[in-house]
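For the sequence shown, this note's numbering assigns the number 3 to the initial residue and increments by one for each residue that follows.
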Amino acid sequence: MERVAKPYFCPFCGGTNLLADEPMEIQAEEELWIIYHWICEDCGEYFNKVLIIPESGEKPPQKDYWD
Ligand SMILES: [Zn+2]
3 MERVAKPYFC PFCGGTNLLA DEPMEIQAEE ELWIIYHWIC EDCGEYFNKV
53 LIIPESGEKP PQKDYWD
């Protein structure tokens, strides 16, 4: 399952030794959330990226999910 590109570098230290962890899927109302995790081997920081897939398969509405 490679729906989202691996980040090029760690947002904390800029290191490139990133380990991908198992993505976690959360079924929300009319949406599927896939949370990808990465762990930086250089600084040990953990970060993630959320991909939201509407169940209808249509393009997601124009709204900011981060607000
Ligand atoms: Zn790092």
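Beta carbons: idealized from backbone N, C-alpha and C, even for Gly.
How far does the beta strand (DSSP E) with Phe49 in it extend, from its first residue to its last?
Counting along the chain, the beta strand (DSSP E) containing Phe49 begins and ends at 48-56.
Along the chain, where does the beta strand (DSSP E) containing Cys15 start, and where does it finish?
Per DSSP, Cys15 belongs to no beta strand (DSSP E) and is neither H nor E.
Taking 7 Å as the cut-off, is the C-beta of Asp23 nearer than that to any heavy atom in ligand 1?
No, since every heavy atom of ligand 1 falls outside the 7 Å radius drawn around the Cβ of Asp23.
Distance cut-off 7 Å: Glu47 Cβ against heavy atoms of ligand 1
At least one heavy atom of ligand 1 is nearer than 7 Å to the Cβ of Glu47, so yes.
Taking the continuous beta strand (DSSP E) assigned at Glu31, which residues delimit it?
For Glu31, no beta strand (DSSP E) segment is defined, and its DSSP state is neither H nor E.
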